[in-house]
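Asker:
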Amino acid sequence: MDILEQRLGIPPHIAGPAATFAFFAFFVIKKMGLFTKINHFPVDGKTILVTGASEGMGLAAACLLASKGASLILVSRNVGRLEEAIVKVTAAARNASKQRFTYISADVSEHGYAESVIAQAIAWNGGKSPDIVWCIAGLSTPMLWADPENDSIAATRHNMDVNFFGSAEMSRAILREWLAPENAPAKSGVLDQKPEPKHIVFTASMLALFAIVGYGPYTPSKWALRGLADTLNMELNLYPDNPVKVHVVYPGTITSPGLERENKTKPQITLDLEKDEPAETPETVAERAVKGLEKGEYNIAVSTLGDLMRCGILGGSQRNNWVWDTVVGWVVPVIYFFVIRIMNAQVTGWARQNGHPHVKKAAA
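In this text, residue positions in the sequence shown follow the working numbering: the first is 1312, and each later residue adds one.
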């Protein structure tokens, strides 16, 4: 404060608040990582297993990771698309002569699939487990919950099998490998030197942060992933000698074959509500997700809107930045006061204009 007064000629009644504000601003900026360039997600020379890697975001993420020096194990159902994906990933590699790539055909919706996949991955990788596992495989089957022409319960079970249980089983299989007592690193005698952490990355959705009409079969599966991630994030503190980091990525609408498939069952009201949301390319989403991982973020939103939603629903979840997330979390409920009313009014207005959703209009 004396420096501000003497050197800058700032009056005492201003110097105190100015110094406080400057300290607070410095603290926030420092916590946001703008003064540091530490990469918390180094992948060069690592082996990474990616599910859902034959198309869309999964393929884009695999290519990006290959360009950063990682070896890849691609997991998906369709062998033909996996073979095409291997060609693209190899072409994207930083150093194809040193990196290795393979694929494993598996259906993530099948009970017990993950243990076999991990066993094959370890055998291919010279007896070592993957360093990073990124669960991206997913699908969406939008429909109105009470629509008599669609079985929303069957659709929900399938969405849960792919989106939640597919990721849950994979996380359990790889964590049992990583956390096994015999896999704890040997003590080196170096003071407090910890091994580099493994990473498990879940892929949720912005709809796990804010639900809208038409996604009854889909949204619960992504909310469930949030709950699993939060639970594992605390549980993993039980294994300080086997460090593992958990992350959750929240994409919005992605221009991909998956979007084309989901639009076939998507209700018109849902399409109307989403019409102003810009769709992102798989490459853009993958790049933003990896940037968040490199910053060491826990919950990773890949857009400004998604970040606002993330801050508005954190509850007991780990914060990326306690100051920023808390302040924005205070503001978001005020925004939601208006947004929720506007969206509910849109839905009500749609019903008035179009009539009962289950009654088809006669052809003109």
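For each residue, glycine too, the CB sits at the ideal point set by N, CA and C. Please read all numbers here as calculations on a predicted model, not as lab measurements.
1) Rounded to the nearest angstrom, what separates Val1400 and Gln1579 at their Cα positions?
2) Roughly how many angstroms separate the alpha carbons of His1667 and Leu1570, rounded to a whole number?
3) Using 8 Å as the cut-off, can you tell me whether the stretch 1645-1652 makes contact with the stretch 1534-1547, which would need three or more C-beta pairs spanning the two stretches below that distance?
4) Can you list, in chain order, the residues of its chain with a C-beta nearer than 6 Å to that of Ala1448? Leave out the 5 residues immediately preceding and following it.
5) Among residues of its own chain, excluding the 5 on either side of Cys1622, which ones have a beta-carbon nearer than 6 Å to its beta-carbon?
6) Can you give me the Cβ contacts of Asp1313 inside the same chain, cut-off strictly under 6 Å, excluding the 5 residues immediately before and after it?
7) Please identify the residue among Gly1367, Tyr1550, Ala1404 and Met1368 whose C-alpha is closest to the C-alpha of Lys1357.
8) How is Val1301 classed by DSSP in three states: helix, strand or coil?
9) With C-beta atoms as the reference, is Ile1681 less than 8 Å away from Phe1412?
10) In angstroms with no decimal places, state the Cα-to-Cα distance between Ile1611 and Glu1493.
11) Suppose the cutoff is 6 Å on Cβ atoms and the five residues either side in sequence are ignored; what does the same chain contact list for Asn1530 look like?
12) Assuming Asn1553 and Ala1495 form a contact by the criterion Cβ under 8 Å, report the distance between their Cβ atoms to the nearest whole angstrom.
13) Flag this pair as touching only if the stretch 1458-1469 and the stretch 1508-1518 have three or more C-beta atom pairs under 8 Å; answer yes or no.
14) Could you give the first and the last residue of the continuous beta strand (DSSP E) run that contains Tyr1561?
15) Alpha carbon to alpha carbon, what distance is there between Ala1430 and Asn1632?
16) Could you compute how far the alpha carbon of Leu1455 sits from the alpha carbon of Leu1616?
Answerer: Per the coordinate set shown:
1) If you take the alpha carbons of Val1400 and Gln1579, they lie about 37 Å apart.
2) For the pair His1667 and Leu1570, the Cα-to-Cα distance works out to about 26 Å.
3) A contact between stretches requires three or more CB pairs, one per stretch, nearer than 8 Å, and the stretch 1645-1652 fails this requirement with the stretch 1534-1547.
4) Hits under 6 Å: Thr1362, Gly1363, Val1419 and Gly1477.
5) Hits under 6 Å: Asp1636, Val1639, Gly1640 and Val1643.
6) Note on Asp1313: pLDDT 49, under 50, position unreliable in the model; the coordinate value appears next. Excluding residues within five positions, none has a Cβ falling inside 6 Å.
7) Distances from the alpha-carbon of Lys1357 to those of Gly1367, Tyr1550, Ala1404 and Met1368 put Ala1404 closest.
8) This structure cannot settle anything about residue 1301, because the visible part of the chain is limited to 1312 through 1675.
9) Lying outside 1312 to 1675, the shown extent of the chain, residue 1681 is not represented and no answer is given.
10) Rounded to the nearest angstrom, the two C-alpha atoms are 32 Å apart.
11) Note on identity: in this sequence residue 1530 is Thr, with Asn being the wrong assignment. Listed in chain order, the non-local C-beta contacts of Thr1530 below 6 Å within the same chain comprise Leu1518 and Ala1522, local neighbours out to five positions each way being set aside.
12) The beta-carbon separation of Asn1553 and Ala1495, rounded to 5 Å, stays under the 8 Å limit for a contact.
13) No: fewer than three Cβ pairs fall under 8 Å.
14) Per DSSP, Tyr1561 is one residue of the beta strand (DSSP E) stretching across Val1555 to Tyr1561.
15) About 37 Å.
16) In a straight line, the C-alpha of Leu1455 is about 25 Å away from that of Leu1616.
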